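Residues 5 to 565 (our numbering) are what the sequence shown spells out, left to right.
Data block below; observations after.
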Amino acid sequence: MALNCAPPLLNLNLKLWNKHRQAHFCVTKKSNDVSAAISSRNALLPGSHSRSILANDNGFRMHFVRAAARPNLTKVGASSDEAQSLNSETAEQEDFAWSSVLLPFVFPALGGLLFGYDIGATSGAAISLTSPELSGINWFNLSAIHLGLVVSGSLYGALFGSLIVYPLADFLGRNRELIIAALLYLSGGLLTAYSPGLGVLLLGRCLYGLGIGMAMHGAPLYIAETCPSQIRGTLISLKELFIVLGILLGYFVGSFEINAVGGWRYMFGFSAPIALIMGLGMWSLPPSPRWLLLRAVQGKGSLQEYKEKAVLALNKLRGRSTDDKASEKQIEETIVSLKTAYAGQDSEASFLEVFQGPSLKAFIIGGGLVLFQQITGQPSVLYYAGPILQTAGFSAAADATKLSVVVGIFKLLMTGVAVLKVDDLGRRPLLIGGVGGLALSLLLLSAYYKFLGGYPLVAVAALLLYVGCYQISFGPISWLMVSEIFPSRTRGKGISLAVLTNFGSNALVTFAFSPLKELLGAENLFLLFGAIAILALVFVVVYVPETKGLSLEEIESKLSK
C-alpha cells in the first residue's frame, strides 16, 4: 500500500523542486517607453538564495525567494497531511521596501539603546556623584548601600517592570507598551538629572528601570510581529547592536562630562531627548497587525473591524497602497493560524498557561537561553579584563574608560558579524559555535590563572575569544529566540517571564560575584563558569530548534509537534 502511494508523492515534490530550482535576479527601471531586465537562470546550489530587486516610486523593493535545500521527498507511509504539506523553504517570501521596514525597527530599538546607555553612563555618573569637588551637591558622601541603590536602581525597576507587563501585555499591545516605556525613560531621565536629593534620584532611577523592563519586553515583540520573516533574525539582532551602541554612547558622554561640575546630571539627563524621539516615533507607528488579530480572535471586538485595522496597519508597515491585495492575503492567513491555535480553547490564555504544553516548551528554550546568557560569567570576565590587558603590556588598560571603549568597540564589531550571518547561517550554528567558544575561553582563563601565568597573550586571546563568542551567540540570539519561540496565545506573558528571568539572574550574578570571587579565586571561578558554559552547550544542542526563515505561525506549528 505504501509503495503504491510513494511514486505520485515523489513526482509531486520533484515538480515542486524543479519549479523552485532556478533563481532570477532582475532590475527593472520604470520609464515611459523603455524597460530593461537582466535575469540569470543558473540553478542554485543547495541552501542558496535568490533576490529580485524591483524599482518603484517608493524606492527599491527587495523580494527574497529561498531555494529548497533538497527535494521534499515524502517518506514512505507518510500521512495525507504530511503529503500535502510543502517544505517551508520552497515557499515564496513576501516582498517589502527597506524604506518602510526601517522606522518600525529603529523606534522600538531605541528602547534597547536607552537600556545600553544606562549601563555605560552609570559607571561615570557614580564617580561624578560621589566626588566632593565635581558632584556640585552637599550630599555626595553616600554610603555603600546608597550608592549601590543608585547604581542598581534601574535593575530593580526593570525587574518590577517585567512583572507588571505579565498580566497587561496583551491588553496594552506592543505599540502602547513602548510608548509608556518611552514616557518612563523620559520622566526617569529628567528626574535623575534635576533631582534635589537622594530620594528623588532613587525614584528617577526606578522609573527609568520600569522603562527598561517594558522596553525589553515590547521591542522584540513589536519587531518580531511586524517585520518580514526572512529578515526577522537580522533586525532583532540589530536591536542587540543598538544596546551595544547605547553602552558606547554612555561611555562617551561619561568621559566627556566626567570633569564637569555636576556632570552626573548631564550623564543621566542625556537620555531624555532620545526617549522623546522614541515616544514620538512609536506614536507615529501603527499597532502590530498580529496583536490586532489576536484581540479579535480573543473576542475583544468585531473580527471584521480588527481585520480592516490590521490590513491598514500592514499596508503602512510595508509602504503599500490601500488597494494592494498582498496585505489582505497575509492577514487572512494569519487569522486562519490564530483561529487554529485558539480552537476549542478559552478566548485568552490563562495566568498559568505559559507553563503548559507548547508554551512550557517555549519557556524552557527561551528562559534557558537568557538564564545561561547571565550565568556564564560575562561580568566576571569583564571585571578581569583590565588586569589581563595590563599584564600583557597594554598600558591603555590602566584607564578604565579607555578599556571600556576598546571592549565596547570589539563587542560592536562582533555583534555586526551576528547581524550579517543570523539569517544566513541560522540560529543554531551561531549558538553552538559561540557557546562552544565561550566554554573554551573560560577554561583557558582558568588555566592562565592556575599554571599559564607566564603566557599573558593566552589570557588576552581567551578574553577576546570570550567577548567575540558571546556577541555572536548569547548576546543577540537569546533575545531573538525569545521573541519568536512563544505561541501567539502566550507570547506576551512568555516574553515577560523571559525578561524577568534575565533581569533576575542578572541581579543574582551581580550580588553573588564578589563573594564568589573571594571564596573561589579567579582560577576556580572561571572553571565554574566554564562548566556552566559546557552545560549551556549541551542545552543548545539538545533543546534549541532552528527557526531561520520561518514565520511565527510556522514556528508555533513546529514547536507544537
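Backbone N, C-alpha and C fix where the C-beta goes; we use that ideal spot for every residue, glycine too.
Just so you know, these numbers come straight off a predicted model, no measurement behind them.
- Under the 10 Å beta carbon count, Val546 is surrounded by fewer than 16 other beta carbons and is classified as exposed.
- About 7 Å separates the beta carbon of Phe490 from that of Ser363, a gap short enough to meet the 8 Å contact definition.
- Non-local C-beta neighbours of Leu167 in its own chain, meaning closer than 7 Å and more than five positions away in sequence, comprise Leu504, ordered along the chain.
- For the pair of segments examined, the region 131-151 was found to touch the region 262-276: the number of CB pairs separated by less than 8 Å reaches three.
- DSSP places Gln302 in the coil class of the three-state scheme, outside both helix and strand.
- Just measuring C-alpha positions, the residue of Gly157, Gly140, Lys454 and Leu316 sitting nearest Ile262 is Gly140.
- Sequence-distant partners of Ile536 (beyond 5 residues in either direction) whose C-beta falls short of 8 Å from its own C-beta, in its chain, are Phe376, Ile379, Thr380 and Gly381.
- Arg236 and Lys521 have their C-alpha atoms some 39 Å from each other.
- In summary, Ser275 is buried, with 16 or more beta-carbon neighbours lying within 10 Å of its beta-carbon over all protein chains present.
- DSSP places Ala264 outside both helix and strand once states are collapsed to three, so it counts as coil.
- Taking Arg299 as the centre and dropping the five residues before and after it, the same chain places the C-beta of Gly305 and Tyr310 closer than 7 Å to its C-beta, in chain order.
- Taking the Cα of Phe367 as reference, the smallest distance to any Cα among Gly420, Met485 and Leu289 is reached at Met485.
- For Lys497, the enclosing alpha helix (DSSP H) stretches over residues Arg495 to Tyr547.
- Three or more Cβ pairs drawn from the region 463-480 and the region 422-434 lie within less than 8 Å of each other, which places the two stretches in contact.
- For Gln360, no alpha helix (DSSP H) segment is defined, and its DSSP state is neither H nor E.
- If you compare the alpha carbons of Ser445, Lys320 and Met282 with that of Val105, the shortest gap goes to Lys320.
- For Ser259, the three-state secondary structure derived from DSSP is helix.
- Between the region 239-251 and the region 149-165, the count of C-beta pairs closer than 8 Å stays below three; the two stretches do not touch.
- Contact check for Ala173 and Gly496: beta-carbon distance about 3 Å, within the 8 Å limit, so the pair qualifies.
- Taken through DSSP and simplified to helix, strand or coil, Trp287 comes out as helix.
- In this structure, the straight-line span from the alpha carbon of Ala223 to that of Thr326 is close to 27 Å.
- In the structure shown, Asp327 falls within a coil segment according to DSSP collapsed to helix, strand and coil.
- In terms of CA proximity to Ser292, Thr230 leads the group Ile183, Ala465 and Thr230.
- A Cβ-Cβ separation of about 5 Å places Ala540 in contact with Val439 under the 8 Å criterion.
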